[in-house]
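**Student:** The structure follows.
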Amino acid sequence: MKGNIKPLVHQRGAGLLWILTILVLIIVLVATIYWWTNRDDGSGHLNYAHAEIRDIQLLVTATGRLQPRDYVDVGAQVSGQLESLHVEVGDKVQRGDLLAEIDATLLEAQLDSSRAQLRNQLAIRKEREASLELARFNYERQQRLQVDRATAEELVQTAHAEVQKAEAQVESIEAQIEQTQSGLRADEANLNYTRIFAPMDGTIVSIPARRGQTLNATQTTPTILTIADLTEMTVEAQVSEADISRLKIGMPVYFTTMGNRQQRWESKLRLIEPTPEVENNVVLYNALFEVPNTDGVLMKEMTTQVFFVIDAAHDVVAVPSAAVQRDAEGPYVEVRREAGNIGKVRVDPGLTDRVHVEIKSGLEAGDEVVLPIRSAGAGAPAGSRGPRG
């Protein structure tokens, strides 16, 4: 029994050594991972950035929507059934193209009636002109007889009255003819209105009316379709009342679309509408500008992200805004030298977009600056700094 005790103790010691070896390896592995994720290339727990040449813009942002600059709602000027539509949404049309036709049966009948009435009145006028000519002849005859004392004064006066009566009848029919001719022109115009032509070059963007629909033009003009010139678009950007005072007519502006955030369209602000839109107690003003759309990429009602350029600095030395600190003497940045030590450099900050800040003097492109590590509480600079220069 005593002979088996020593080997058992030896086995237990070997197992304990194996466990300790594994624990040491785990600790080393954890320490290595921790060092790797928190390392700073041997200079303490600091982050660095390089001063670089870049553009900085001070912007007011807004959302907007695209609308055609020029468009027209084509409506019906006469009532009737929409007999035919010669276009579809998306068709390109030119000024004067036939777009639609309204049933003209009743208007054609009205026009025929007016023409017949005019012919009748012209015949009546001819008859009354003949009666006037006869009345004048009789009156002149009575006047000659009166000179020879061969007729009574009463007959002369009667003949004169007949002339006046005939003249009045001719004037009356002349007035009726003018009235009928005026109505005839209106009937002809209404008949022409049954054929609807394009008033401008453009693209059919909507057709709210349907073939066979009865159009009533008595009270309002019913819209049949809408034509828009899509070669130039207007952006209607909604700007908050807090930012609208910063906008100026003619200032640079650019935008991107929801479907293509990489492409930028640039323009100049054309108009700020004086009357705001109020949505859920939020006051928004429409700011308008135009952009060419010759390639047709931009479409009606697209949502846009709009950027109004309040100020801009181009090709300037800039660093992250967090790199600029302040003390009693003013703004400064901490710069890492070639030797690895860190020194304080006074700078003259310029324009900032809240992410980067322009450095007018004190730094050159390529200088490596310290980004202070802020504590979770007060936000003051924290962490080890390394040697100072």
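Using the numbering used here, the first residue of the sequence shown is number 1, and each one after it goes up by one.
Even for Gly, the Cβ is constructed at its ideal location relative to N, Cα and C.
1. With a 10 Å radius around its C-beta and 16 neighbouring C-beta atoms as the bar for buried, classify glutamine 94 as buried or exposed.
2. Among Pro349, Gln57, Tyr285, which has the Cα closest to the Cα of phenylalanine 307?
3. Are there 16 or more other CB atoms within 10 angstroms of the CB of leucine 17, so buried, or fewer, so exposed?
4. Quick check on the DSSP output: the beta strand (DSSP E) that includes histidine 50 runs from which residue to which?
5. Would you call glycine 80 buried or exposed, if buried means 16 or more other Cβ atoms sit within 10 Å of its Cβ?
6. Can you have a look at threonine 237 and say buried or exposed, based on whether 16 or more other CB atoms are within 10 angstroms of its CB?
7. Which runs of the alpha helix (DSSP H) at least 4 residues long sit entirely within the segment 195-239? Give them in chain order.
8. Using DSSP with H/G/I as helix, E/B as strand and the rest coil, what is histidine 160?
9. Counting Cβ pairs closer than 8 Å, one from the segment 212-228 and one from the segment 64-81, do we hit at least three?
10. Would you grab the beta carbon distance between tyrosine 193 and glutamine 77 for me? Rounded to a whole angstrom, and I think it's under 8 Å.
11. Taking DSSP as the reference, what is the three-state secondary structure of threonine 151?
12. Looking at the unbroken beta strand (DSSP E) that takes in isoleucine 310, where does it start and where does it end?
13. Please determine if the segment 308-324 and the segment 355-365 are in contact, where contact requires at least 3 C-beta pairs separated by less than 8 Å.
14. Suppose you measure from the CA of asparagine 293 to the CA of asparagine 260; what does that come to, to the nearest Å?
15. Per DSSP, which one or two residues make a beta bridge with asparagine 260?
16. Where does valine 24 sit, in a helix, a strand or coil, going by DSSP?
17. Spell out the partners DSSP gives glutamate 273 in its beta bridges.
18. Determine the direct distance from the alpha carbon of alanine 312 to that of glutamate 390, and round the result to whole angstroms.
19. Would you kindly check if the distance between the Cβ of leucine 284 and the Cβ of glutamate 277 is under 8 Å?
20. Could you pull the DSSP bridge partners for arginine 326 from this structure?
21. Do glycine 212 and serine 114 have their C-beta atoms closer together than 8 Å?
22. For asparagine 120, write down the residues that DSSP places opposite it in a beta bridge.
23. In the DSSP assignment, the beta strand (DSSP E) including valine 283 goes from what residue to what residue?
24. Of all the options Val235, Asn341, Val74, Glu167, which has the alpha carbon lying nearest to the alpha carbon of methionine 299?
25. Taking alanine 100 as part of the beta strand (DSSP E), name the residues at either end of that continuous run.
26. Between leucine 122 and isoleucine 177, how many whole angstroms is the CB-CB distance? I'm expecting something under 8 Å.
27. Could you tell me the distance, in whole angstroms, from the CA atom of leucine 106 to the CA atom of leucine 191?
28. Quick check: valine 89 and isoleucine 204, are their CB atoms within less than 8 Å of each other?
29. Among residues of its own chain, excluding the 5 on either side of tryptophan 36, which ones have a beta-carbon nearer than 6 Å to its beta-carbon?
30. The beta strand (DSSP E) spanning valine 369 covers which residue range?
31. Give the DSSP-derived three-state secondary structure of aspartate 348 in the structure shown.
32. Just list the residues that DSSP pairs glycine 80 with in beta bridges.
33. If threonine 214 and threonine 256 are in contact, beta carbons under 8 Å, what's the gap, nearest whole angstrom?
34. Going by DSSP, what residues sit across from leucine 392 in a beta bridge?
35. I'd like to check one pair, leucine 371 with alanine 339: are the Cβ atoms closer than 8 Å?
**Tutor:** By the coordinates alone:
1. exposed
2. Gln57
3. exposed
4. 47-50
5. buried
6. Here the sequence assigns alanine to residue 237, which means threonine is not the residue at that position. The residue is buried, with at least 16 neighbouring Cβ atoms inside 10 Å.
7. none
8. helix
9. yes
10. 4 Å
11. coil
12. 303-320
13. yes
14. 15 Å
15. Thr257
16. helix
17. According to DSSP, which records beta bridges pairwise, glutamate 273 is partnered with nothing at all.
18. Residue 390 lies beyond the range of the chain shown here (1 to 389); nothing can be said about it.
19. yes
20. Pro331
21. no
22. Looking at the DSSP assignment, asparagine 120 forms no beta bridge with any residue, so it has no partner.
23. 282-292
24. Val235
25. 98-102
26. 7 Å
27. 9 Å
28. yes
29. Confidence in tryptophan 36 is poor, its pLDDT being 45 and thus under 50, which makes the residue's placement unreliable; the coordinate value appears in the next sentence. Cβ neighbours of tryptophan 36 beyond the five flanking positions: none.
30. 368-371
31. strand
32. Leu215
33. Rounded, the Cβ-Cβ distance is 45 Å, inconsistent with contact.
34. Residue 392 lies beyond the residue range present for the chain, which begins at 1 and ends at 389; the question has no answer from this structure.
35. no
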